[in-house]
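Visitor: Below you'll find the structure I mean.
Protein chains in written order, with our numbering: chain V, 6 to 390; chain F, 37 to 555.
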């Protein structure tokens, strides 16, 4: 046995050398990572090594089953959160972003990406075939909706899918069924608001105005716009109609204004090329507006008002889409549509339910419709199995 | 203390303020300066935390760059410390395999006595018995051991009787066996381990050492927590180091505390904290010039005598005794790392929440060691005989240690995300804002590889699986390390901040006795 332990305390010189190696690694890594996180990348294009600056795109979706494409290439990068994609290393340019899924309508936008800046965008995809939950007066003991006519299949479910089973009854006898409390509730909703809905039609007929208002709480006008009829509020976002057009207006603080109200500070031509002429025009108009002035920050210009695309149709009803202050539900002449407030490039508008003899109500973030004599709840997503 | 004893003390140790514990024991400028020092650690910690929050709000870009730099620093620090742990683990294993009894035969060490002091409070008989069994099983002549069980008067007669019973049963097997009772309410003392040990040292000197004319230089004093169970070769190993170091009377000898006595009964939280404490001590073993004594350790009686046995008025007495010795010896005092283990208890309680509470309190007590920083800096301004470089080096190193203990986990796991949540809209649009959480997360994942090293080493130091415990427990013992980010915050940063804040406001802490038990 050796009289000395074979292993001595870690020599100071050894530790010191190791320490200074780590200091060196720190000094090298720090600027590299700072440049990387700021958006700088090494480029090896054209057999030349150069440093380029890149930007990013942050895409949020309301649907987890969609695929995201950037310039026709599928985005494979892992999601930052469950319903959000952060796409890195994008060159400064206009980029086409597509969010799609086989059973959903496609959402498309072309947006500019700038160096060291992330362009934020929020996509939405509604089912291509409407998803309806029947609400009937009578139900079976197990809660299945009962229709007393087979006409429903031809009339409604020819172009829609039911989210729940329903059945027909050849007999008109109701003794074996239960009265559905939800039906009573929904019917009363349409009943209590029927006057305002009728007044919409009335206004139409009288040629006074097109717009109606169903469930949202009317708010007293606080501005000097005499032509404003009614307003709908969610958080700091307001929907209102004025001179036959539908608008969204930001009422909150400048620091919290949604990014789609803003564009990078630049000339009319540049803004027009990057975001569309309508955006450039809107900003120009806002420059002289006293009712909805521009918010001008360090490097961006923000409007506070955006006109919504009503597809050149009359609007019978509008409200915020459930659980969203960025999407608007509109009942137009040929159906119920959802449109985004974000008008950069264009506003994506998707059909939720087609029909002419329909009425719509949003109650507690649930969309109810009356199609003729039938009541339904519309699902905005396809249920996962 | 008699005048003769005073005259034997080192010149600096005779100063009236040598054993100062808090500002209110001083007067005039000294008092104000000491109070300032008590405020500094808390202010530094809070200023860092608040500073990062404010920077995240008003200068998020700078805050983000700082966080990136800090994350890189953390990864490299993890690598650096893991390297030390791994090296010490090799050394520890090697030392545990050595035949120290044979190795010390070349020395003439018959003249040396080992004075072993076990201060205790209300710990049950089982704990005391197991501790004594460790001594009885040591590969060392028990007649060369002076065993002192130091009871507390405030614990009652029942507690004192435990040691008396042990003395009756085993006393004659040792050279000397003394049971002391530390009186309650001695003016100027803090009730706790430090004052008990202080009393026991004086008693053993009077009742044993002086009576038997044992030269102080021939006594190696081991001050052990009551749950300390020594490994069989501890005293041989201690003798070996004592005989081979350059200046044994200017050295403290620090073993590696393994909190493994009750590891199989302890909860995962308790095990992680226990092993983390062990790992920290293993790191310090490999850089002894930066270390102070911790928990159970050994030192010559002569050295203790020359400073009047240390302080009876502080909470963190285990480290303070080293600083007393270092300052009184004009900086010429060192910690010798033995890399030989002693077994102690992991903190537990009967209930889960009881365990959480006890771990928190114990770590608050340990982190209250920040009181030592005030003491060090105060005396560094007084004792100019200590080289200036050493004074600055120690003060900065110890200060950084207490600051990073409190702030680093909070900065890393909580404030790292602050610019993202608190930053300006301008910042939120940038690539930096989006890349920051990704880069910090990736760096933390890299740093987590250090935990793999920890998991492997901890398993190798775990005692054999007792009957009645499933093999599945080994898997739990590996996986438990993922709790480290949380334990660092809950049981290091927050109790540390608690302790520093108390000191900052002059709400001085007392000694909290960690409950010990045996199942």
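Every residue gets a Cβ at the ideal spot worked out from N, C-alpha and C, and that includes glycine.
So is residue 222(V) buried or exposed if we call it buried at 16+ other beta carbons inside 10 Å?
Guide: The predicted model places residue 222(V) with a pLDDT of 40, which falls under 50 and marks its position as unreliable; any figure quoted below should be read in that light. Exposed, because fewer than 16 other Cβ atoms sit within 10 Å of the Cβ of residue 222(V).
Visitor: With DSSP collapsed to three states, give me the class of residue 379(F).
Guide: Of the three classes helix, strand and coil, the one that applies to residue 379(F) here is strand, per DSSP.
Visitor: The region 438 to 468 of chain F: which residues have C-beta closer than 7 Å to a C-beta of chain V, in chain order?
Guide: For the region 438 to 468 of chain F, which is checked against every Cβ of chain V, the residues closer than 7 Å are 461, 462, 465, 466, 467 and 468.
Visitor: Measuring only between beta-carbons, confirm whether residue 260(V) sits less than 8 Å from chain F.
Guide: True, the Cβ-Cβ gap to chain F drops below 8 Å.
Visitor: Quick check on the burial criterion: 16 or more other C-beta atoms within 10 angstroms. Buried or exposed for residue 69(V)?
Guide: Per the 10 Å Cβ criterion, exposed.
Visitor: Check each candidate in 101(F), 252(F) and 213(F) and name the one with the smallest Cα separation from residue 147(F).
Guide: Ranking the options by Cα distance to residue 147(F), first place goes to 252(F).
Visitor: Residue 251(V) and residue 241(V): beta carbons closer than 8 Å?
Guide: No, the pair does not count as a contact, with Cβ atoms beyond the cut-off.
Visitor: Is the region 75 to 89 of chain F touching the region 451 to 465 of chain F, taking contact as three or more C-beta pairs under 8 Å?
Guide: Yes, the region 75 to 89 of chain F touches the region 451 to 465 of chain F.
Visitor: Hey, is residue 3(V)'s beta-carbon within less than 8 Å of any beta-carbon in chain F?
Guide: Given that chain V is displayed from residue 6 to residue 390, the structure contains no residue 3(V) and the question cannot be resolved.
Visitor: Put residue 177(F) into one of helix, strand or coil per three-state DSSP.
Guide: Looking at residue 177(F) - three-state DSSP - the assignment turns out to be coil, as it is neither helix nor strand.
Visitor: Please list the residues of the region 287 to 308 of chain V that have a C-beta atom closer than 9 Å to any C-beta atom in chain F, keeping them in chain order.
Guide: Hits within the stretch, in order: 302, 303, 304 and 305.
Visitor: Can you name the residues of chain V whose CB is closer than 7 Å to the CB of residue 127(F)?
Guide: Ordered by position in chain V, the residues that pass the 7 Å Cβ test against residue 127(F) are 12.
Visitor: Taking the alpha carbon of residue 139(V) as the point to measure from, which residue in 346(V), 48(V), 150(V) and 267(V) has its own alpha carbon closest?
Guide: Checking every option, the nearest Cα to that of residue 139(V) belongs to 150(V).
Visitor: For a minimum of 4 consecutive residues, which ranges assigned as the alpha helix (DSSP H) are wholly contained in the region 123 to 150 of chain F?
Guide: Taking only runs of at least 4 residues, the alpha helix (DSSP H) segments lying wholly in the region 123 to 150 of chain F are 136 to 139.
Visitor: From 284(V), 273(V) and 375(V), pick the residue whose C-alpha is nearest to that of residue 196(V); which is it?
Guide: Looking at the Cα atoms, 375(V) is the closest of the given residues.
Visitor: Could you pull out every unbroken beta strand (DSSP E) segment of at least 3 residues lying fully inside the region 359 to 419 of chain F, listed in chain order?
Guide: Taking only runs of at least 3 residues, the beta strand (DSSP E) segments lying wholly in the region 359 to 419 of chain F are 370 to 379.
Visitor: Determine the chain F residues that contact residue 91(V) at a beta-carbon separation under 7 Å, and present them in chain order.
Guide: The answer, in chain order, is 470.
Visitor: Is the beta carbon of residue 442(F) sitting closer than 8 Å to the one on residue 107(F)?
Guide: Against a cut-off of 8 Å, the Cβ pair of residue 107(F) and residue 442(F) comes out as no contact.
Visitor: Answer yes or no: do residue 78(F) and residue 447(F) have a C-beta to C-beta separation smaller than 8 Å?
Guide: No. Outside cutoff.
Visitor: What does residue 24(V) touch in chain F if you count any residue whose Cβ is under 9 Å from its own?
Guide: Those are 116, listed as they occur along chain F.
Visitor: For the region 492 to 550 of chain F, which segments carrying the alpha helix (DSSP H) assignment without a break, of at least 4 residues, lie completely within its bounds, in sequence order?
Guide: List check, alpha helix (DSSP H) in window: 508 to 515, 520 to 524 and 530 to 540.
Visitor: Can you find a C-beta in chain V that's less than 8 Å from the C-beta of residue 328(F)?
Guide: Not one chain V Cβ lies under 8 Å of residue 328(F).
Visitor: Along the chain, where does the alpha helix (DSSP H) that runs through residue 42(F) open and close?
Guide: Here the alpha helix (DSSP H) through residue 42(F) covers 39 to 44.
Visitor: Quick check for students: name the residue ranges of the beta strand (DSSP E) that lie wholly in the region 125 to 170 of chain V, counting only runs of 3 or more.
Guide: Counting only runs of 3 or more, we get 136 to 140 and 150 to 152.
Visitor: Any beta carbon from chain V within less than 8 Å of residue 108(F)'s own beta carbon?
Guide: Yes, because at least one Cβ of chain V sits closer than 8 Å to the Cβ of residue 108(F).
Visitor: Say whether chain F places a C-beta atom closer than 8 Å to the C-beta of residue 342(V).
Guide: False, the Cβ-Cβ gap to chain F never drops below 8 Å.
Visitor: When the cut-off is 8 Å and only beta carbons count, does residue 38(F) lie next to chain V?
Guide: No, its Cβ sits nowhere closer than 8 Å to a Cβ of chain V.
Visitor: Give me the subset of the region 315 to 326 of chain F whose CB atoms are less than 8 Å from a CB atom of chain V, sorted by chain position.
Guide: Those would be 321, 322, 323, 324 and 325, in chain order.
Visitor: If you run the structure through DSSP and keep just helix, strand and coil, what is residue 581(F)?
Guide: Because chain F in this structure spans residues 37 to 555, residue 581(F) falls outside the shown range and cannot be described.
Visitor: Just curious, the beta strand (DSSP E) that residue 92(V) is in, first and last residue?
Guide: 89 to 95 is the span of the beta strand (DSSP E), which, as asked, contains residue 92(V).
Visitor: Mind checking if residue 230(V) is an interface residue toward chain F, Cβ cutoff 8 Å exclusive?
Guide: With a pLDDT of 32 at residue 230(V), under the threshold of 50, the modelled position of this residue cannot be trusted, and the question is left open.
Visitor: Cα separation between residue 42(F) and residue 50(F)?
Guide: Each residue's alpha carbon lies about 7 Å from the other.
Visitor: Anyone know if the C-beta pair for residue 176(F) and residue 289(F) falls short of 8 Å?
Guide: No; because the gap between Cβ atoms is not below 8 Å, this pair is not in contact.
Visitor: Can you say whether residue 486(F) is buried or exposed, counting buried as having 16 or more other CB atoms within 10 angstroms of its CB?
Guide: Counting Cβ neighbours within 10 Å, residue 486(F) comes out buried, since at least 16 surround it.
Visitor: Under 8 Å between beta-carbons, which chain V residues line up against residue 104(F)? List them in chain order, please.
Guide: Result: 35, 38, 39 and 42.
Visitor: Can you list, in chain order, the residues of its chain whose CB lies under 6 Å from that of residue 493(F), leaving out five sequence neighbours each side?
Guide: If we look at residue 493(F) and ignore the five residues flanking it on each side, its Cβ neighbours are 125.
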